[in-house]
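Novice:
Protein chains: 2
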Amino acid sequence: MTKRTRVTRQKTAKIADVARLAGVSVATVSRTLARPEVVIEETRMRVLAAVRDTGYMPNVSARNLRVRKTMIVLVAVPDIANPFFAEVLQGIDDTLSAAGYGLIIANLAGSPEKEARYVDLVCAGQADGVLLLCGHVMRSPTRDLRDARVPLVAACEHIPHENFPQVTIDNVGTAREAVEHLIELGHTRIAYLSGPKSNILEQQRLEGYLQALRETGIAADARLILPGDFTFHAGVEAGQSLLALKPTARPTALFAANDEMAIGLIKTMHAAGLQIPNDLSVVGFDGIAYADYCEPTLTTIVQPRRELGAAAAAELIELMTTGKAGSPKHVKLPARLIRRDSTRPPPKRPGGIHRLARGPAKTAQ
Amino acid sequence: MTKRTRVTRQKTAKIADVARLAGVSVATVSRTLARPEVVIEETRMRVLAAVRDTGYMPNVSARNLRVRKTMIVLVAVPDIANPFFAEVLQGIDDTLSAAGYGLIIANLAGSPEKEARYVDLVCAGQADGVLLLCGHVMRSPTRDLRDARVPLVAACEHIPHENFPQVTIDNVGTAREAVEHLIELGHTRIAYLSGPKSNILEQQRLEGYLQALRETGIAADARLILPGDFTFHAGVEAGQSLLALKPTARPTALFAANDEMAIGLIKTMHAAGLQIPNDLSVVGFDGIAYADYCEPTLTTIVQPRRELGAAAAAELIELMTTGKAGSPKHVKLPARLIRRDSTRPPPKRPGGIHRLARGPAKTAQ
DNA sequence: GATGAGAATGTAATCGATTACATTCGGCAA
DNA sequence: TTGCCGAATGTAATCGATTACATTCTCATC
């Protein structure tokens, strides 16, 4: 009574089954699949027919064991739900999967336990290479990713003092460019909405902000540097802290270390009845898709997100295939300021409180 | 002159190295790691010390081959950059990685070649189970995912006529609820911004829309069903097509099959000088984070995104561990309508053109 | 016809773990 | 003393592929 499935094997066929069916040795089967040109037409046909009939697929674990490769890359990402990383991942996926690699996504989510588990995975030979989007070399209590002697490439966040390839943009320069844009519009009281202090991107973008002020002779004001952590919510809080200031004490422009915070801040200002950019110009950073969806559309530094991922992936493939270890090159991809609707010259308040401006405050030019 | 790294082995240590160093057999090493209680204290200490000294980690490929498991789950997702899926993925990752599984993300991106490659991976035993977020059973030109005889669970999009577990929400019922909300507010000319016709979610949400109209005696109007494809851009285009209508012919409310389209549509209406919800009430679907960030905040059906992922993952773990095949249960998680700022009663236009309403047009109640 | 080159295929070692089964050993009861 | 039992450990088979090396065979050449 048991309905027997027709030709299908109970368990998946192995190479020996195919060999038996085709009347050849396992070596010939393996060769037929790996280098068809070395086996003569007639044999090849018999083998391929047997492969089809059995539904044979070479077992990945067995092959991995033998050839000491897995064709898998581990990608460490701080937060998979962050749209910026999601877009970088697309670029990585395009390049890597075209080259036949699969990717394991290590969503670190700030959890040291997760991080440790993934380090162990890699040390145990589960991946042929690792792509770090996370700003540090992963570690577990007992070991470090470098112990795995596996090709490593970092992207997006530069990791200083390491001798593996890295792919980023010029964070300092583009941040400076963003602030210069505000200065050119005539702003002099420019706030900075920062990321977590320990983050290298934060440090670089802050540096760019300070450089822009310095080179135009605007004194930095510590009270205009607002704490943040790259989340929408941090933007909301920063907005509230601006609203708590006397209107005359408020900055006329703000540079946010990323788009999500900028969007949160704008929303909070709107809720309080202020207009962007009329009451406050805002520049973001990253160029996530929503920066162009929100209202007003966000002036921001657009990072080439897919390209960053693709370039890093290409670099890693190079490393994995040629084994040419430790070319510590640091690729920088171009990123540009896109002017949209969230910035404009400051309102002309003749008796304004531009007390920080050294020279006569420039107006729109 | 070559700086010799101290104790570190040149190549990663294998179990035989540990055994030699500890003066025991490989079996004892393996047992010490797998079932410490069966080996006496003194031996165990020696072995653990040797493990530490060598930095030994069991090779994953070898173990996988022997025990016929990989502790890897493949997650098929239509588009990794879609924020809805990103949040579902978080739930999946939480549950799966806590249980010791790694996940390979198959970003299908509408590419049959990619899909085929992943099917082959699974058939080749690269994964212990598969989570389908993609609304269909994956296939390659020659085979079907079912050929792999691997545990399967579908989430988010129901796949009809399959006997594996599925975890979704009640799409028909919640879509109906969304439209009922508009009707309760007094709307009778309610448009529907649809997804791709072939998509099961689209079919279910359309059905909910039609049910709500039917049960309240409002005739459906094919001209109020706008084509879409779940993207922001489709929302923009739908907005433009609404703007092309004579103002009096426009609907007073719109139900979008997902949030991204709703947001695109709202943006387009704003650009044309219309107010949401004053000139048009809008309800979305999904409850992505940005639905609460945009302006006005979006009334929408909030899906329990993390929970969907977590529940599906739990279901899959059950299947993978107990091997209890084919429990075709269909879990439905609750989803609720969240009323925010994008909906309100229709403007009172005494001589309005509610020519489609059967009974006397209800007004806000 | 003998010889050798080269092509096609086969045999068996190998990758590194897990684990069934075998062995050793100590202690206790008869 | 012998024999047996159970605990601790060792030996070797096994997972399923790849591939170095061995073998066989064909054919051209002398």
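Residue numbers (my numbering), protein chains in the order written: chain A, 1044 to 1408; chain B, 1044 to 1408. For every residue, glycine included, the Cβ atom is placed at its ideal position computed from N, Cα and C.
Quick one: is G1366 of chain A buried, meaning 16 or more other Cβ sit within 10 Å of its Cβ, or exposed?
Specialist: So G1366 of chain A counts as exposed.
Novice: State yes or no: is the C-beta of S1237 of chain A within less than 8 angstroms of the C-beta of P1270 of chain A?
Specialist: Cβ distance < 8 angstroms, so S1237 of chain A and P1270 of chain A count as in contact.
Novice: Measuring only the C-alpha atoms, how far is I1296 of chain A from L1139 of chain A?
Specialist: Reading the sequence as shown, one finds Ala at residue 1296 of chain A and not Ile. About 41 angstroms.
Novice: Quick check on R1189 of chain B - is its C-beta less than 8 angstroms from some C-beta in chain A?
Specialist: By this cut-off, R1189 of chain B is not an interface position.
Novice: Within a Cβ cutoff of 6 angstroms, which residues of the same chain sit near Q1254 of chain A, ignoring the five residues on either side of it in sequence?
Specialist: Answer for Q1254 of chain A: R1219, listed in chain order.
Novice: What whole-angstrom Cβ distance do T1340 of chain A and F1328 of chain A have, given they're in contact under 8 angstroms?
Specialist: Their Cβ separation, rounded to whole angstroms, is 15 angstroms, which puts T1340 of chain A and F1328 of chain A out of contact at 8 angstroms.
Novice: Do V1345 of chain A and R1293 of chain A come within 8 angstroms of each other at the CB atom, strictly closer than that value?
Specialist: No, the pair does not count as a contact, with Cβ atoms beyond the cut-off.
Novice: If I follow the unbroken alpha helix (DSSP H) through G1260 of chain B, where does it start and stop?
Specialist: That residue, G1260 of chain B, is in no alpha helix (DSSP H); it is neither H nor E in DSSP.
Novice: Is V1081 of chain B buried or exposed, if buried means 16 or more other CB atoms sit within 10 Å of its CB?
Specialist: Exposed, by the Cβ-count rule.
Novice: Below 8 angstroms on the Cβ atoms is my contact criterion, and I expect A1300 of chain A with R1248 of chain A to pass it. Report the Cβ-Cβ distance as a whole number of Å.
Specialist: The pair is a contact, with the Cβ atoms about 5 angstroms apart (cut-off 8 angstroms).
Novice: Between which two residues does the beta strand (DSSP E) harbouring D1329 of chain A extend?
Specialist: From DSSP, the beta strand (DSSP E) with D1329 of chain A extends over S1324 to D1329.
Novice: Would you mind listing the alpha helix (DSSP H) stretches within the segment 1207–1287 of chain A that are 4+ residues and don't spill past its ends, in chain order?
Specialist: The segment 1207–1287 of chain A contains these whole alpha helix (DSSP H) runs: 1214–1228, 1243–1258 and 1275–1286.
Novice: If you measure from the beta carbon of N1409 of chain A to each beta carbon in chain B, is any gap under 8 angstroms?
Specialist: Missing from the structure shown is residue 1409 of chain A; chain A here goes from 1044 to 1408 and no further.
Novice: Spatial neighbours of I1058 of chain A within its chain, please: C-beta separation below 6 angstroms, excluding the five flanking residues on both sides.
Specialist: Cβ within range, chain order: V1069 and V1072.
Novice: What residues of chain B sit near V1069 of chain A, judged by a beta carbon separation below 7 angstroms?
Specialist: By Cβ distance, chain B contributes nothing, its closest Cβ being about 16 angstroms from V1069 of chain A, past 7 angstroms.
Novice: Could you confirm whether any beta carbon from chain A is found closer than 8 angstroms to the beta carbon of Q1133 of chain B?
Specialist: Chain A contact via Cβ: present.
Novice: What number of angstroms, rounded off, separates the C-alpha of V1215 of chain A from the C-alpha of P1347 of chain A?
Specialist: Roughly 16 angstroms between the two C-alpha positions.
Novice: Assuming contact is defined by CB atoms lying nearer than 8 angstroms, are I1123 of chain B and I1147 of chain B in contact in what I supplied?
Specialist: Not in contact: I1123 of chain B and I1147 of chain B (Cβ atoms no closer than 8 angstroms).
Novice: Rounding to the nearest angstrom, what Cα-Cα distance links G1229 of chain A and Y1235 of chain A in this structure?
Specialist: Each residue's alpha carbon lies about 16 angstroms from the other.
Novice: Within 10 angstroms of the Cβ of M1088 of chain A, are there 16 or more other Cβ atoms? Answer buried if so, exposed if not.
Specialist: Per the 10 Å Cβ criterion, exposed.
Novice: For H1373 of chain B, write down the residues that DSSP places opposite it in a beta bridge.
Specialist: Answer is B:Q1209, bridged to H1373 of chain B.
Novice: Quick one: which chain A residues come within Cβ less than 7 angstroms of Y1333 of chain B?
Specialist: Under the 7 angstroms cutoff, chain A gives Y1333.
Novice: Please state the DSSP three-state secondary structure of T1138 of chain B.
Specialist: Helix at T1138 of chain B.
Novice: Using a beta-carbon distance below 8 angstroms, is V1072 of chain A in contact with chain B?
Specialist: No, no contact with chain B.
Novice: What residues of chain A sit near F1127 of chain B, judged by a beta carbon separation below 8 angstroms?
Specialist: By Cβ distance, chain A contributes nothing, its closest Cβ being about 10 angstroms from F1127 of chain B, past 8 angstroms.
Novice: Is there a Cβ from chain B that is less than 8 angstroms from the Cβ of A1150 of chain A?
Specialist: Here residue 1150 of chain A turns out to be Asn, not Ala, going by the sequence shown. Interface residue, yes.
Novice: Within 10 angstroms of its Cβ, does N1125 of chain B collect 16 or more other Cβ (buried), or is it exposed?
Specialist: Per the 10 Å Cβ criterion, buried.
Novice: Check whether the segment 1172–1182 of chain A touches the segment 1190–1208 of chain A, taking contact to mean three or more Cβ pairs, one atom from each stretch, closer than 8 angstroms.
Specialist: These segments touch.
Novice: Can you check whether the C-beta of K1057 of chain B is within less than 8 angstroms of a C-beta belonging to chain A?
Specialist: It does not; no Cβ of chain A falls within 8 angstroms.
Novice: Considering only the beta carbon of each residue, do F1273 of chain B and M1312 of chain B sit closer than 8 angstroms?
Specialist: No; because the gap between Cβ atoms is not below 8 angstroms, this pair is not in contact.
Novice: Using 8 angstroms as the limit for Cβ to Cβ distance, is R1186 of chain A near chain B?
Specialist: At least one chain B Cβ lies under 8 angstroms of R1186 of chain A.
Novice: Between which residues of its own chain and F1275 of chain B is the CB-CB distance below 6 angstroms, once the five residues before and five after are set aside?
Specialist: Counting only Cβ-Cβ distances below 6 angstroms, and skipping sequence neighbours, we find E1303 and G1307.
Novice: Measure the Cβ-Cβ separation of Y1161 of chain A and I1115 of chain A and say whether it is below 8 angstroms.
Specialist: No, the Cβ-Cβ distance between Y1161 of chain A and I1115 of chain A is not below 8 angstroms.
Novice: Short of 8 angstroms Cβ to Cβ, which residues in the segment 1299–1330 of chain A face chain B?
Specialist: From the segment 1299–1330 of chain A, only I1306, G1307, K1310 and H1313 have a Cβ closer than 8 angstroms to chain B.
Novice: Could you give the DSSP three-state label for L1317 of chain A: helix, strand or coil?
Specialist: In this structure, L1317 of chain A counts as coil in the three-state DSSP scheme.
Novice: Identify the contact partners of D1171 of chain A in chain B, using a Cβ-Cβ distance below 8 angstroms as the criterion.
Specialist: Neighbours of D1171 of chain A on chain B: none; closest Cβ ~11 angstroms, over 8 angstroms.
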